[in-house]
Amino acid sequence: MSLSLQVYRRITVKIGSALLVDRSKGLRREWLSALVDDIAELVEGGADVLVVSSGAIALGRTILGIGKRSLKLEESQAAAAVGQIALAGAWSDELGRKGLRSGQILVTLGDTEERRRYLNARATISTLLKMKAVPIINENDTVATTEIRYGDNDRLAARVATMMGADLLVLLSDIDGLYSASPAIDPNARFIPMVDRITPEIDAMGGGAASELSRGGMRTKLDAGKIATMAGTSMIIASGKRLNPLAAITRGERATYFRASTKPVKGFKTWIAGNLEPAGRLTVDAGAVGALMSGKSLLPAGVKLVSGAFSRGDTVAVLTPEGREIARGLVAYDAADAVRIAGLKTSEIAGILGHEARAAMIHRDDLVLSAEHTDTVALTGS
Ligand code: GLU
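Quick note: the sequence shown uses this note's numbering, first residue 457, plus one each step.
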């Protein structure tokens, strides 16, 4: 199967730290230079290319001569500060060699998760692209502390790709695609060349919740895939271990392709759907599941259980009675009021809250069905 990158108009490429940085020798200049040749070719073909580059902490460690020992938070932050400046310099030099400009963008979680800042970041990156500069993006590790960080650049890259309306996200790392199980552990692990939809079965191949140890592993890549494909961005997981890894994908080297949803969510709903950390959860009854699937709002009457400390307007996840996420949306009540009115008919709510109620717990305009359900709805035509 050939996945020619030439057909895409806006491509976000995410590069894992291990590709760019050799723990003992520092920056892998020859590799970066070859990658930039690939990028320049795509730009010459008329595509916008955005780069999400990891490697600040790893490069900072080698520059500072810190060995393999684990770092305290403030040490990683200091290493990132040292590494980022060198990393950005290397990108700027290499792109400059090909006659391309570049601009550095360092983001923190709030820049994509808060609506106003999201619009702001999008405007800046759009302007950079208009100015024909390649955005070089990373998390601002020097200021991001545990509670307020992405922690992995896979999901960050998916957020950036969908924010910018990219039609392709390429994740380059040391694994050449998705396997039915970890090939390092299971000799029978099957390679999966194409994923039409991230079903619960595919999702399970990513293993458990993202953790410090699985950072950059398959879990965060599949989470990135869900964010991307749902917003209409296809995704490719490919190995970056060889030189010219983007040209290699076009040449037909092994990679896993995730097909974008045929009915992507757009604009405002992309932002809601891709939200990384819902502030709470609403478990609903079977009747409400049916109503949501047919495009209706979520009414308080269908809500069985409220959890989390959310405020009005926060993103919450909607769960089926079995605990599976079916949708996300902006909740119209804060957690305390949601608890008080859960299960009540709309006519009963005013008496409880002491003021006229908004009819919906989540209005349909503020609600997005999860990836695996959107295409189903598309097929049934509702
Ligand atoms: N932002 C981190 C760095 O540049 C990398 C995060 C990741 O590896 O996903 O060092």
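Where a beta carbon is used, it is the ideal one built from N, C-alpha and C, also for glycine. From a predicted model like this one, the values you see are computed outputs, not experimental measurements.
Here DSSP, grouped into helix, strand and coil, assigns Pro591 to strand. In this structure, the CA atom of Thr568 is about 5 Å from the CA atom of Tyr574. Each of Thr739, Ile541, Ala806 was checked against the Cα of Arg780, and the nearest Cα belongs to Thr739. Using a cutoff of 7 Å, the CB of Ile513 counts as near ligand 1, since one of the ligand's heavy atoms is closer than that.
For the pair Asp610 and Trp547, the Cα-to-Cα distance works out to about 19 Å.
With a minimum length of 3 residues, the unbroken runs of beta strand (DSSP E) contained wholly in the region 724-806 fall at 736-740, 759-763, 771-775, 781-786. Non-local beta-carbon contacts of Asp632 in its own chain, meaning distances under 7 Å to residues more than five positions away in sequence, involve Ala694, Ser695, Arg710, Ala711 in chain order. Counting every other CB atom within 10 Å of its CB across the protein chains shown gives Glu570 a total below 16, marking it as exposed.
Under the 10 Å beta carbon count, Val599 is surrounded by fewer than 16 other beta carbons and is classified as exposed. One Cα belongs to Met691, the other to Leu627, and the distance between them is close to 8 Å. When the Cα atoms are used, Arg814 and Gly663 turn out to be separated by approximately 40 Å. Per DSSP, the unbroken beta strand (DSSP E) holding Ala711 starts and ends at 711-714. For Ala694, the secondary structure class from DSSP, reduced to helix, strand or coil, is strand.
With a cut-off of 8 Å on Cβ pairs, the region 547-560 is in contact with the region 495-504, counting three or more such pairs. Nearest neighbour of Trp727 by Cα position, chosen from Pro777, Leu786, Asp741, turns out to be Leu786.
A residue is called buried once 16 or more other Cβ atoms fall within 10 Å of its Cβ, and Gln533 is buried on that count. Of the residues Asp793, Gly764, Ile808, Ala747, the one whose Cα lies closest to the Cα of Ala783 is Ala747. Taking C-beta atoms as the reference points, Val492 and Leu584 fail to come closer than 8 Å. Distances taken from the Cβ of Ala536 to the heavy atoms of ligand 1 include one shorter than 7 Å. Just so you know, the alpha carbons of Thr771 and Gly621 end up roughly 21 Å apart.
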